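Okay, so the sequence shown: first residue is 66 according to this note's numbering, each after it adds one.
We put the beta carbon where it would ideally sit given N, CA and C, even for glycine.
In this text, all values refer to a predicted model and were calculated from it rather than measured experimentally.
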Amino acid sequence: MTPTFSVIMPIYNVERFVAAAIDSVLAQEDGDFELLIIDDCSPDGSRAICEAYDDPRLTLITHPVNRGLAGARNTGVRAAQGRYLAFLDSDDIWEPAKLARHREHLEARPEVGLSFSRSAFIDADGEPLDYYQMPSLTDITPGLLFCRNPVGNGSAPVIRREILEAIAFDCEVKGGGVLPCYFDESLRQSEDIECWTRIALKTGTTVEGIPEPLTRYRLNEGGLSAQLERQYQSWLAIVELTRAYAPDFIEQWYPRAQAYQLRYLSRQAIRLRDGDAAWAYCRRAVKAWPGIWKAEFGRTAATAGAALMLRVMPKSLYLRCEGLAQGVIGKAQKKKIDNAPRPQSARPNQQQDAHEVESP
66 MTPTFSVIMP IYNVERFVAA AIDSVLAQED GDFELLIIDD CSPDGSRAIC EAYDDPRLTL
126 ITHPVNRGLA GARNTGVRAA QGRYLAFLDS DDIWEPAKLA RHREHLEARP EVGLSFSRSA
186 FIDADGEPLD YYQMPSLTDI TPGLLFCRNP VGNGSAPVIR REILEAIAFD CEVKGGGVLP
246 CYFDESLRQS EDIECWTRIA LKTGTTVEGI PEPLTRYRLN EGGLSAQLER QYQSWLAIVE
306 LTRAYAPDFI EQWYPRAQAY QLRYLSRQAI RLRDGDAAWA YCRRAVKAWP GIWKAEFGRT
366 AATAGAALML RVMPKSLYLR CEGLAQGVIG KAQKKKIDNA PRPQSARPNQ QQDAHEVESP
């Protein structure tokens, strides 16, 4: 019987994390799914861990050559049988209610083509960090997606199959000929932001979030996010890809989006304890679009202040200040989450923002 959900999970060098990711899928309250694991030529023991599972809902697909995250997701979409496609990065974890909540959301709101959840942050060992991604959940325009990516991360969205089919394009696939693609395989980073923006611009579907933090997003300094300048260059490639079919959109939103992206990289540098880089990215953000001060004074001032403190303070003193701030922010965010109604029962007017770790 055709499953309701197809869960698409690429694996590459994740033997430390992949079992927890798989277990979180198999523990879903809504068990009507298939789990498609795409081995992108992982050189470690990730594949062997996956092969040890004996569950008929799990299918392991192997690439003949490495194609990156976008390529692995495309393989999963082409193989998927479900009417809702859910994506899980293999170093992240889902809460048991994840798929059940998205089924409720999508069935109650047929105009929503991309449903996502908020996320709670965990460290490399899976321990909770007690703060959250708190993006806007409603009234999400293409401009907001491009500037801020409220979806947040690649483990948060569940998408109707027909929405992805509507943005499919034929491309030359490494080791596979010409095939329909959904994520752009020319990108090795930020391919999800490009896809979500293209969905919004080309389909006009409603993008909407669920208040509950149903994804546990792992902050892993060994990941791609640590390569800050490479990440910025990848974002610039997204700008050019989008400009090719929506030049007026890019002209309108580019300065603001560039400033947000640079400020996001400043926060990433803060997380990596690189005060010089954090300060440099913050200055570049303000130069790219000085209006960022007026548009979001609090967040911009907090980023600039943290970057400057990290740059000039002894590390021990900075870490003490950061810990105090995170405790206050985490409690405030948790209170907002606990008090937020579910969007399928009453559409919330949620426009809260993250203060500690943010999407662009």
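Exercise. List in chain order: all unbroken alpha helix (DSSP H) runs of 4+ residues lying wholly within the stretch 103 to 174.
Key: 111 to 116, 133 to 144, 163 to 173
Practice problem: Counting only the same chain and skipping the five closest in sequence on each side, list residues whose C-beta sits under 8 Å from that of ILE427. | Solution: In the structure as shown, the chain starts at 66 and stops at 425, and residue 427 therefore has no counterpart that could be examined.
Self-check item: Candidates LEU134, ALA162, ARG336, PRO108, of which the one nearest LEU384 by Cα
Solution: Out of LEU134, ALA162, ARG336, PRO108, ARG336 has the C-alpha closest to the C-alpha of LEU384.
Quiz item: When the Cα atoms are used, what is the spatial distance from ALA345 to LYS380?
Solution: Separation of ALA345 and LYS380 (C-alpha to C-alpha, rounded to the nearest whole angstrom) is 18 Å.
Quiz prompt | One or two residues paired with THR271 in a DSSP bridge | solution = VAL177
Exercise. Would you mind sorting ASN404 into buried or exposed? The rule is 16 or more other CB atoms within 10 Å of its CB.
Key: exposed
Quiz item: Quick one, are the C-beta atoms of PRO222 and ALA233 less than 8 Å apart?
Solution: Not closer than 8 Å, so no.
Quiz prompt | Span separating the alpha-carbon of GLY288 from that of THR368 | solution = Residue confidence is low: GLY288 scores 43 on pLDDT, short of 50, so the model does not pin down where it sits. Its coordinate-derived value is still stated next. Whole-angstrom Cα-Cα distance: 22 Å.
Self-check item: VAL238, DSSP secondary structure in three states
Solution: strand
Quiz prompt | Segment limits, alpha helix (DSSP H) that includes TYR196 | solution = First-last for TYR196: 193 to 198, but that is the beta strand (DSSP E), not the alpha helix (DSSP H).
Quiz item: In whole angstroms, what separates the C-alpha of PRO129 from that of LYS352?
Solution: Answer to the nearest angstrom: the Cα atoms are 45 Å apart.
Quiz item: Does the distance from the CB of ALA350 to the CB of ALA342 come in under 8 Å?
Solution: Against a cut-off of 8 Å, the Cβ pair of ALA342 and ALA350 comes out as no contact.
Practice problem: Enumerate in chain order the residues of its own chain whose CB-to-CB distance from GLU80 is below 7 Å, with the five nearest sequence positions on each side excluded. | Solution: Excluding residues within five positions, the ones whose Cβ falls inside 7 Å are ASP109, GLY110, SER111, ILE114.
Quiz item: In three-state DSSP terms, what is GLU259?
Solution: helix
Quiz item: Where LYS399 and PRO278 are concerned, what is the direct C-alpha to C-alpha distance, given to the nearest angstrom?
Solution: If you draw a straight line from the Cα of LYS399 to the Cα of PRO278, it comes to about 10 Å.
Exercise. Measure the C-alpha to C-alpha separation of SER290 and LYS359 and round it to an integer number of angstroms.
Key: Reliability of the predicted coordinates at SER290 is poor, the pLDDT of 43 falling under 50, and the value obtained from them is presented with this limitation in mind. In a straight line, the C-alpha of SER290 is about 28 Å away from that of LYS359.
Quiz item: Start and end of the alpha helix (DSSP H) containing PHE82?
Solution: Where PHE82 is concerned, there is no enclosing alpha helix (DSSP H), given that its DSSP letter is neither H nor E.
Quiz item: According to the neighbour-count rule (16 or more other Cβ atoms, all chains shown, within 10 Å of its Cβ), is LYS396 buried or exposed?
Solution: With a threshold of 16 other beta carbon atoms within 10 Å, LYS396 falls short and is exposed.
Quiz item: Looking at the structure shown, is ILE315 part of a helix, part of a strand, or coil, going by DSSP?
Solution: helix
Self-check item: Member of ASP339, ARG348, LYS401, ILE402 whose CA lies at the smallest distance from the CA of MET378
Solution: ASP339
Practice problem: Whole angstroms is fine: what's the gap from ALA144's alpha carbon to SER89's? | Solution: 21 Å
Exercise. Give a yes or no on whether the C-beta atoms belonging to SER331 and ALA366 are separated by under 8 Å.
Key: no
Exercise. Can you grab the Cα-Cα spacing for the pair ASP257 / LEU301, in whole Å?
Key: 14 Å
Quiz item: Under 8 Å, do ASP105 and ALA85 count as touching if we go by C-beta distance?
Solution: No, the Cβ-Cβ distance between ASP105 and ALA85 is not below 8 Å.
Quiz item: If we ignore side chains and look at the alpha-carbon of each, how far apart do GLU99 and THR124 end up?
Solution: Using only the alpha carbons, I get a separation of about 8 Å.
Quiz prompt | When GLY191, GLU250, LEU209, TYR196 are compared against ILE402, the one with the closest alpha-carbon | solution = TYR196
Self-check item: Own chain partners of VAL243 with C-beta closer than 8 Å, once the 5 adjacent residues on each side are dropped
Solution: ASP235, CYS236, GLU237
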